Each structure stands twice: as C-alpha cells, then as structure tokens.
Amino acid sequence: MEKDILRGGQFLVKEINCEDIFTPEDFNEEQLMMKEAVTEFVDREIWAKKAQFEKKDYKLTESCMRKAGELGFLSVSIPEEYGGMGMGFISTMLVCDYISGATGSFSTAFGAHTGIGTMPITLYGTEEQKQKYVPKLASGEWFGAYCLTEPSAGSDANSGKTKAVLSEDGKTYRITGQKMWISNAGFCSVMIVFARIEDDKNITGFIIEYDPENPNGITLGEEEHKLGIRASSTRQVFFNETVVPVENMLSSRGNGFKIAMNALNVGRIKLAAACLDAQRRVITESVKYANERIQFKTPISSFGAIRQKIAEMATNCWVGEAASYRAAKNIEDRIELRRNNGKDTHQEAELKGVEEYAIECSILKVAVSEYTQRCTDEGIQIFGGMGFSEETPIESTWRDARIARIYEGTNEINRMLSIGMLIKKAMKGHVDLLGPATAVANELTGIPSFDTPDFSELFSEEKSIVKNLKKLFLMVAGAALQKYGEKIEQHQQLMLASSDILIQIYIAESAILRAEKMVKKNGEDNVKEQIAMAKLNLFHAIDVIETAGKHSIISFSSGDEQRMMLMGLKRYIKYVNMPNIIELRDIIAKKVITENKYTL
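Residue numbering for the sequence shown follows this note's numbering, beginning at 9 and increasing consecutively.
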C-alpha cells in the first residue's frame, strides 16, 4: 500500500529501519551479471585507452558509444516495445555507475545520450515519436543531444531566447537561435531543442533530426577546449530558420520548462551514480601506488598521513554508494506502485516516481560530486609529483571530476532546491514538518533528561544522534522559516546552511543503516570496516552540521532565542561515548591497503 512507501523528504521526520532500505549488497543475480559485463567492457575498451581519450580523440568516444549500444548498455531503461531491455531503476543506476568510472569523456557522452538525449522522448513523446526515434537511440544507431543552455540562459533555463515561428500553412516551425555547451553535438543525429513560441511564458521542446549532409540551417561551432572531459564532444549549435514539422513538438506547447526540470531530476541521481566508480578506481590506483612507492625504506602506505587519506576516500565512496542505491530503490518502488495502481501510463509512473524524490536527487548530486572531487584531489596528493604528471592516470580524473559540481544545475542551485522543494512538500502536506518542528520547540523549552542512556547495543548511540540531528534541522530551518516565511528564498546563505545539515543527515543515516543491515546478515566481526566507516562519517557529519547550524543561528536570531537555540545545538550534536577517530581510520585503511584495491 502507498502509505507504507516513504515519500520524498519524509526521511527527515520518520524513523527508518535497516530492513527497509536497499543496499549494493542486495543486488540480484541479473544485476551482478550486468555489473560484471559492464566492468569487463570498460576495462577493455575505455580504461585501457585512457591516454587516447586525453588527446581529445572524439572518434574514440563515438566508437566506444557504438560498442556500448551493440552490447545493449544504452537501452537498459528503455521499455522493451521500443527496443530496450526494460530493466528497473536500480539496474539503470548500476549500469550508469560502473560504465562511468574510467573517463569523464565517455561518462558524459553516455549520460547525455541515455539521459537527457533519449529520456525526454521516452517520457514525453507521442507513440509515433517513440516508435520513430527510441529504437535507433536504444541501439546506438543514432545518438542524442540536448539543447537547452544558451549564452544568456544557464541556471535560469526558462529565459532562453531561441525562437520557434509557425509557418503560414501551420505545418512546420522555423527555429532560430544559439545553444551552447551541447554534449554529443559533434556526432548526434537527434537533438532535443528548447525554443519559445511567440511571447509564451514557458519554452517548448522540439525533436530535431541532424544530418551534416543536409544541415537544415544547423551549424556547429568548433569543439570547446575544456579543463576536463576532453574527448567529450562539446560544441555550440546555431539554428537559422531550421524547419521542424509540427508533429515533432515534444509534449505540448509551453511544456518545455517542465520537461527540462524533470529531465534534470533523473540526471541528478544518475550523476551521483556516475561519480561512484570513478572514486573506486581512484582509490584502487592510489593504494596500489602507495603500496609500491618506497620512501625511507618503507612503503608510503604504512605512514599515518597516507592511511588517513585512504580511509577518508574509502569512507566517502562507501557512504555515497549507500545513499545513492537507497534512493534508487525508493524511486523504483514508487514507479512500480504507480504502474500497478493502473491510473498511470508507463511514462507518468516514471516521471512521478522520480519527481517524488527530487529532494533526494539534489542531495545526492551535491554530496557525491563533492566526494569525487575530494577523492581525486587526495589521489593526486598520494601520488605526489607523479600525480601532477600526465604519465599517471590520476591528474585527468581530477580534471574530469570538476564538472560534476556544475552539471545538472550547480551544487549551489541544488542545495537551495533541496530546501525549496522540502518547504513546498510541507505546504502541500506531503511531509509534516510543522508537527515535529513544534515538538522540537517545546522540547527546547522543557527540562532536559539527565539520565545516561544505555548505548551498549551496536549503533544505538549513532541512531540516537541521527534522530537528534533531524530535530536540529527542524529547529534551525523551522525558526528561519518562521522569521522569513516565503521570503526565505531571498536568504540564500541560510538556505545553503540548512541544506548542508539536510545532506549530512541523509548520508549519515544511509551509511548507518547499510552497515547495520550488513551486521545483521554477516555478523559484527565480518563487518568491522563498514561499522568503522559509518561511525567515521557520522563524526564528520556532526562537524559540518555544527558549523552550519551555528552560522545560521547567530545570523538570524539574537538574545534569549539565540542562547536557547545554541544550547539546543549543543544538546543535539552531543556524544555520550566519543569514537576513536584514528582507530576507525586505521581499521578502514588496513583493509584497503591489504586488499591493494577498493573492495568494501
């Protein structure tokens, strides 16, 4: 029943059991076989040719995409009736994860094609449009590109100036305008293009075929010279009276902005997935180097400073996996529920399923892209001077990682979106924030309990802290919202701080639940490293939350209110038994160093 499935954002006001979340340990046989097939393809066709990608070999990217199409990797999420595999959302995430780790160039081409290049037609197209385009996109016979961004329209996507003018006979539109940062532009056959009809408030989507032999008013700019993702074809696209049949309008007039926003929701969680295997590979390369590099007659992997880096890199990767696949399962369940109730078509179920967890999608996009940047940066540090050299594979990973914080809406935009969407959900009654926020306010004015709780059971203290961190969020965000109301959106720094708290809560809870689930299945002694990672991550989360909470409280409150909230902050982040951080790091690092790769 629907009430049993957690709605998006409800993690903040509900207690979650570890049995209720999906983790990578739950992959079924089919998914494990798919993971193996993808990894084998990437090792053979992409990782082995990494240096070629760095030389801006666009043809190599295109040829690898064709091979991926032949193996079915471009069609995982596409319904069977359009030539796809029709697999669930978790399988889609898994393929996106493991196919994206070797180079950002291929990862971008893959993501742009399977996501924003194909998905708008699958989800918004008419039956005729889907029959015509989707099978060719699924097989890799054709590739897709997505033309939204313009020189004057980046984060403000709906402000585009590209025009669509209806012909006198009403049979075609003529598109004129300029698009920029268009991934796959150099080898695509189909473009999803957004333009404005007359003075419409919202833009409209169109499907435009592109054939270099018959350009139809379309010209491509030169390949962009970029910091990273160097073999990803990125060009400007110019439309000059490009003729498009009226039947190639995507969805209805003025619905383009909605298409763009929903495509971004899916793109965000898939971007998180696309950042995971990159981290696994960087950790593996870094630990291999640290085990081989001898200084002072000792492998540098035996030095505490290096072990600390390896432990932190592994922890960030592992908790990112936990949160990403937890959300993926929620989305899959919601899609399934909507399909089974018979009211929604396949398209509507998919759209509404993802839209329900838009908050989580933004959280994951921010957190995992930042973990990846940190991981690649520390990877260079472990390699030392060699990390700065193009001779090793590590400097390119750092350059490629940088775009992840800009793609699919910048991390700043996504931080504010996560809070904005949560407020909207609360106003619609989908997430009850008011009741729990009022209870927290009453708790703060009451007399605290001075009893020492019994935290002898594994994770009992950590789960109690997560519960308190949720109260802390309600205290800070609730007070800010009470003060500023709908004008809260004008206070971006407060929204950014609140989102930092929200992100840390979701990731910390996901990690603890993943570790707890593993303990119940395999026993505490066999899950020491995972327990250590969940505990280490929570300790760091509290640091971030304390800073964000303090900055907010002292910036929007004063006097008694401020004093009371600062006392509440102190109470909600309090440990009874502080963890031994160095010991936790050593447990994690020892495992990775001994295995000589990331195997957690």
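For glycine and all other residues, C-beta sits at the position ideal for the given N, C-alpha and C. Quantities reported herein were computed from a predicted structural model and do not represent experimental measurements.
- Taking C-beta separations shorter than 8 Å and ignoring five residues to either side along the sequence, the partners of valine 584 in its chain run Thr460, Pro461, Phe463, Glu469, following chain order.
- Glutamate 569 and proline 444 have their C-alpha atoms roughly 19 Å apart.
- The beta carbon of isoleucine 511 sits closer than 8 Å to the beta carbons of Ile371, Val374, Ala375, Arg423, Ser426 from its chain, once the five residues preceding and following it are set aside; these are given in chain order.
- Per the Cβ contact rule, the segment 223-241 is in contact with the segment 187-194 (3 or more Cβ pairs under 8 Å).
- Here the alpha carbons of arginine 407 and tyrosine 181 stand approximately 40 Å from one another.
- By the 16-neighbour rule on beta-carbons within 10 angstroms, arginine 52 is exposed.
- For the segment 162-240, the continuous beta strand (DSSP E) assignments of 3+ residues that do not extend past its boundaries occur at 171-174, 180-191, 198-205, 212-217, 226-228, in sequence order.
- Between the alpha carbons of lysine 529 and leucine 156 lies a distance of about 47 Å.
- Annotated three-state conformation of proline 159 is coil, per DSSP.
- Contact between leucine 546 and isoleucine 473 holds: CB atoms are separated by about 7 Å, below the 8 Å threshold.
- Spanning the alpha carbons of histidine 499 and glutamate 70 requires a straight line of approximately 44 Å.
- The bridge partners DSSP lists for valine 252 are Tyr181.
- Look at the segment 353-426 and you find these whole runs of alpha helix (DSSP H), each 4 residues long or longer: 354-364, 366-391, 402-410.
- By a beta-carbon distance limit of 8 Å, valine 142 contacts isoleucine 86. Their separation comes to about 6 Å.
- Distance between glutamate 206 and alanine 280, taken at the CA atoms: about 37 Å.
- The three-state reading of DSSP puts threonine 69 in helix, counting H, G and I together.
- The C-alpha of leucine 544 is placed about 8 Å away from the C-alpha of threonine 323.
- Note that the segment 106-118 does not touch the segment 357-367; fewer than 3 beta-carbon pairs, one per stretch, sit closer than 8 Å.
- Shown here, alanine 110 sits in coil according to DSSP, grouped into three states, outside any helix or strand.
- Closest in C-alpha terms to leucine 577, from the list Thr184, Val484, Asn534, comes Val484.
- Under the criterion of beta carbons closer than 8 Å, phenylalanine 214 and leucine 258 qualify as touching, at roughly 6 Å.
- Contact between the segment 323-334 and the segment 343-355 is absent, with fewer than three C-beta pairs closer than 8 Å.
- Less than 8 Å separates the beta-carbon of glutamine 186 from that of proline 159.
- In the three-state reduction of the DSSP assignment, leucine 258 falls in the strand class, which pools E and B.
- For the pair leucine 82 and glutamine 39, the CB atoms are not nearer than the 8 Å cut-off.
- Bounds of the alpha helix (DSSP H) holding threonine 47 are 37-49.
- When Glu494, Leu228, Arg579 are compared, the shortest CA-CA separation from phenylalanine 458 is found for Arg579.
- Scanning its chain for C-beta atoms nearer than 7 Å, with the 5 sequence neighbours on each side dropped, one finds around asparagine 224 the residues Thr250, Val251, in chain order.
- The continuous alpha helix (DSSP H) containing serine 332 extends over residues 312-348.
- Rounded to the nearest whole angstrom, the CA to CA distance from glycine 168 to isoleucine 200 is 14 Å.
- If you check the CB distance, tyrosine 154 and glutamine 287 do not come in under 8 Å.
- At a cut-off of 4 residues, the continuous stretches assigned as alpha helix (DSSP H) that sit fully inside the segment 517-587 are 536-564, 567-580.
- Taking leucine 145 as the centre and dropping the five residues before and after it, the same chain places the C-beta of Thr126, Gly152 closer than 6 Å to its C-beta, in chain order.
- Out of Lys64, Gly77, Lys296, the CA that lies nearest to the CA of leucine 235 is found in Lys64.
- The Cβ-Cβ distance between arginine 413 and serine 377 falls below 8 Å.
- If you look at glutamate 451, you'll find it in the alpha helix (DSSP H) that goes 442-453.
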